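What follows is a short report on a single structure.
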Amino acid sequence: MSGDEILPKTGPANSGNLILIGMMATGKSSVGAMLAEQLGYELVDLDHVIIRKEGRSVPDIFAEDGEAYFRAVETEVLRETLRGGRKVISTGGGAVLAPANREMMMENGIVAALSATAEAIISRVAEDNNRPLLAGNTEERVRRILEERKDAYSFAHCTVDTTNLTAAQVCHHILMHYRVLAFKHVG
87 MSGDEILPKT
97 GPANSGNLIL
107 IGMMATGKSS
117 VGAMLAEQLG
127 YELVDLDHVI
137 IRKEGRSVPD
147 IFAEDGEAYF
157 RAVETEVLRE
167 TLRGGRKVIS
177 TGGGAVLAPA
187 NREMMMENGI
197 VAALSATAEA
207 IISRVAEDNN
217 RPLLAGNTEE
227 RVRRILEERK
237 DAYSFAHCTV
247 DTTNLTAAQV
257 CHHILMHYRV
267 LAFKHVG
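Note that the numbering used here has the sequence shown beginning at 87, numbered continuously upward.
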């Protein structure tokens, strides 16, 4: 399969995949782990798969090969991950930037967007040095990225604001949406 091909259409419910999207620090990884456990699904964190595949950290990939290279690898890993089903897939915050990625997600799973206020995100990433897009003034960069991506997550089947919720509460909201949406898409 060439890099430009989209996966065969399986339909969101037929795959069973639950795909988490959203800005960094909105809870995708922690909520993803809880969802996978509750559903009995495999948990796949795309950034972790990329790190294993590349043999280096995300900041190192950005520093050595640039964001465009990282995004190309991200698309390839997403395509591979969406094969099969019954997975909770936690994406990186920028995975939605490529139209092909959005299309693959919509065709191969139920997509849940996690959001949070700028203040909550800034607080959550304050001491995190593993986010290459935040090098420099963290507050300014978070606000800029939020503005740039304000509509990037709007294609999701549902959105949950994680600002004032625990991971368990977010998980509960997503499971309610997932079960309703999966039921609607069957048949």
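Don't be surprised by glycine CBs; every beta carbon is placed ideally from N, CA and C. All figures in this text were calculated on a predicted structure; none of them were measured in a lab.
Discussion item. Does the contact criterion of 3 or more C-beta pairs under 8 angstroms hold for the segment 168-176 versus the segment 119-131?
Written reply: yes
Discussion item. Quick check for students: name the residue ranges of the beta strand (DSSP E) that lie wholly in the segment 201-253, counting only runs of 3 or more.
Written reply: 244-247
Worksheet item: Which two residues bound the contiguous beta strand (DSSP E) that contains Val-174?
Response: 173-176
Item to complete: Please report the residue range of the beta strand (DSSP E) in which Val-130 lies.
Response: 128-131
Discussion item. Going by the DSSP bridge assignment, what does Ala-75 pair with across the sheet?
Written reply: In the structure as shown, the chain starts at 87 and stops at 273, and residue 75 therefore has no counterpart that could be examined.
Discussion item. For a quick check, are the C-beta atoms of Asn-187 and Thr-161 less than 7 angstroms apart?
Written reply: yes
Discussion item. With a threshold of 7 angstroms on Cβ separation, who are the neighbours of Met-87 within its own chain once the five nearest residues in sequence on each side are excluded?
Written reply: The predicted model places Met-87 with a pLDDT of 35, which falls under 50 and marks its position as unreliable; any figure quoted below should be read in that light. Counting only Cβ-Cβ distances below 7 angstroms, and skipping sequence neighbours, we find nothing.
Discussion item. Classify Gly-273: buried if its beta carbon has 16 or more other beta carbons within 10 angstroms, exposed otherwise.
Written reply: Low confidence applies here, because Gly-273 scores a pLDDT of 45, under 50, leaving its location unreliable and the question unanswered by this model.
Item to complete: In angstroms with no decimal places, state the Cα-to-Cα distance between Leu-164 and Thr-177.
Response: 8 angstroms
Worksheet item: Quick one: Cα of Ala-279 to Cα of Arg-138, how far?
Response: Outside the shown range of the chain (87 to 273) lies residue 279, about which nothing can therefore be said.
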